[in-house]
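Residue numbers (our numbering), protein chains in the order written: chain A, 1 to 112; chain B, 1001 to 1119. Data block below; observations after.
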């Protein structure tokens, strides 16, 4: 199975600060069809996960543009440009290139 | 508007079979490229992929649980199902179903259903 390693496991930020979360894959996530099936989710406390970014860098409808995704191959990054209070929670990367789908271990974003 | 809602027994005993239902609206599992996946999350822990089913009835299972999982769908009634046989306390978790769209992202999630396995 593909292992997704997220760092850091915990992130403390102040409101307005910009932060980045890394997701590294044990295998390239570039599919033979040319797509890279790496997505980012946010799970706020007590809620279901929600999709933020799909296919590395595509912003899901309704998600603020302070969120952005980048990367290729095995290294991917989620950036939040100016953290807001509603961004607190656990962020997960998830890959769908290789079966079975796998999730990263999560990065908890807390207020400093 | 896309919605999904999971339902299940709440509590069951070790060795029993867990049956979960995902009832959805706003899309059809007969539409090309659509899928539904099942994911679980033990309390305070991360997410674990269990299985998914596609519009063409293709199915994928997590190999670590494959012998115990069965996924199916009822397209006419907009439902997807997951059965887990021979449960034990390690299967205690919140179970989610989610829509899988064309690029494989889990774009809509249900609210989750808590399942406790206890004697």
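No residue lacks a Cβ here, since even glycine has one placed at the ideal position from N, Cα and C. Quantities reported herein were computed from a predicted structural model and do not represent experimental measurements.
Could you check how far apart the C-beta atoms of residue i and residue j are, in whole angstroms? I think they sit under 8 Å.
{"i": "residue 1004 of chain B", "j": "residue 1108 of chain B", "result": "6 Å"}
{"i": "residue 23 of chain A", "j": "residue 6 of chain A", "result": "5 Å"}
{"i": "residue 1006 of chain B", "j": "residue 1020 of chain B", "result": "6 Å"}
{"i": "residue 1117 of chain B", "j": "residue 1092 of chain B", "result": "5 Å"}
{"i": "residue 100 of chain A", "j": "residue 1063 of chain B", "result": "6 Å"}
{"i": "residue 52 of chain A", "j": "residue 63 of chain A", "result": "5 Å"}
{"i": "residue 25 of chain A", "j": "residue 56 of chain A", "result": "About 12 Å; that fails the 8 Å criterion."}
{"i": "residue 1098 of chain B", "j": "residue 1110 of chain B", "result": "7 Å"}
In terms of alpha-carbon separation, which member of the options lies closest to residue i?
{"i": "residue 28 of chain A", "options": "A:4, A:44, A:61 and A:83", "result": "A:4"}
{"i": "residue 110 of chain A", "options": "A:32, A:13 and A:72", "result": "A:13"}
{"i": "residue 1016 of chain B", "options": "B:1092, B:1084 and B:1099", "result": "B:1084"}
{"i": "residue 1089 of chain B", "options": "B:1059, B:1029 and B:1115", "result": "B:1115"}
{"i": "residue 1071 of chain B", "options": "B:1065, B:1064, B:1044 and B:1080", "result": "B:1080"}
{"i": "residue 116 of chain A", "options": "A:1, A:112 and A:39", "result": "As shown, chain A starts at 1 and ends at 112. That puts residue 116 of chain A outside it, with no answer to give."}
{"i": "residue 42 of chain A", "options": "A:86, A:73, A:18 and A:97", "result": "A:86"}
{"i": "residue 20 of chain A", "options": "A:95, A:83 and A:46", "result": "A:83"}
{"i": "residue 108 of chain A", "options": "A:33, A:30, A:45 and A:72", "result": "A:45"}
{"i": "residue 1036 of chain B", "options": "B:1010, B:1008, B:1113 and B:1096", "result": "B:1096"}
{"i": "residue 1104 of chain B", "options": "A:15, A:36, A:112 and A:78", "result": "A:36"}
{"i": "residue 1023 of chain B", "options": "B:1073, B:1086 and B:1055", "result": "B:1073"}
{"i": "residue 973 of chain B", "options": "B:1075, B:1008 and B:1039", "result": "Outside the displayed range of chain B (1001 to 1119) lies residue 973 of chain B, so it cannot be described from this structure."}
{"i": "residue 91 of chain A", "options": "A:47, A:15, A:34 and A:16", "result": "A:47"}
{"i": "residue 1028 of chain B", "options": "B:1111, B:1069, B:1001 and B:1112", "result": "B:1001"}
{"i": "residue 88 of chain A", "options": "A:61, A:98 and A:106", "result": "A:106"}
{"i": "residue 1008 of chain B", "options": "B:1031, B:1038, B:1033 and B:1046", "result": "B:1038"}
{"i": "residue 1086 of chain B", "options": "B:1078, B:1043, B:1066 and B:1041", "result": "B:1066"}
{"i": "residue 72 of chain A", "options": "A:18, A:34 and A:112", "result": "A:34"}
{"i": "residue 102 of chain A", "options": "B:1059, B:1051 and B:1042", "result": "B:1051"}
{"i": "residue 104 of chain A", "options": "A:93, A:98 and A:97", "result": "A:93"}
Tell me the DSSP bridge mates of residue i?
{"i": "residue 58 of chain A", "result": "A:54"}
{"i": "residue 1090 of chain B", "result": "According to DSSP, residue 1090 of chain B bridges with nothing at all."}
{"i": "residue 1103 of chain B", "result": "Residue 1103 of chain B pairs with nothing; no bridge assigned."}
{"i": "residue 110 of chain A", "result": "A:12"}
{"i": "residue 75 of chain A", "result": "A:24 and A:72"}
**OP:** Report the residues of the region 49-60 of chain A with a CB closer than 9 Å to any CB of chain B, ordered along the chain.
**Re:** Of all residues in the region 49-60 of chain A, 49, 50, 51, 53, 54, 55, 58 and 60 have a Cβ within less than 9 Å of some Cβ in chain B.
**OP:** Mind checking the region 1078-1093 of chain B against chain A and listing, in chain order, the residues whose C-beta falls within less than 7 Å of any C-beta there?
**Re:** none
Original post:
Where are the beta strand (DSSP E) runs, 3 residues long or more, that stay fully inside the region 13-45 of chain A, in chain order?
Top reply: 18-25 and 38-43
Subject >> Residue ranges of each alpha helix (DSSP H) within the region 1007-1062 of chain B, 4 or longer >> reply: none
**OP:** Using a Cβ-Cβ cut-off of less than 8 Å, list which residues of the region 74-86 of chain A approach chain B; keep chain order.
**Re:** Result list empty, no residue passes.
Subject >> Contact list for the region 97-108 of chain A against chain B, Cβ threshold 7 Å >> reply: Within the region 97-108 of chain A, the residues whose Cβ lies closer than 7 Å to some Cβ of chain B are 99, 100, 101, 102, 103, 105 and 106, listed in chain order.
**OP:** Could you run through the region 1035-1047 of chain B and flag, in chain order, every residue whose CB is less than 7 Å away from some CB of chain A?
**Re:** Listed by position, the residues of the region 1035-1047 of chain B near chain A (Cβ gap below 7 Å) are 1046 and 1047.
Original post:
What are the residues of the region 19-37 of chain A that lie near chain B, defined by any Cβ-Cβ distance shorter than 7 Å?
Top reply: 35 and 37
**OP:** Please name the residues in the region 1050-1071 of chain B whose beta-carbon is closer than 7 Å to at least one beta-carbon of chain A, in chain order.
**Re:** 1060, 1062 and 1063
Original post:
Relative to chain A, which residues along the region 1093-1114 of chain B have a C-beta separation below 7 Å, given in chain order?
Top reply: 1096, 1103, 1104, 1105, 1106, 1107, 1109, 1110, 1111 and 1112
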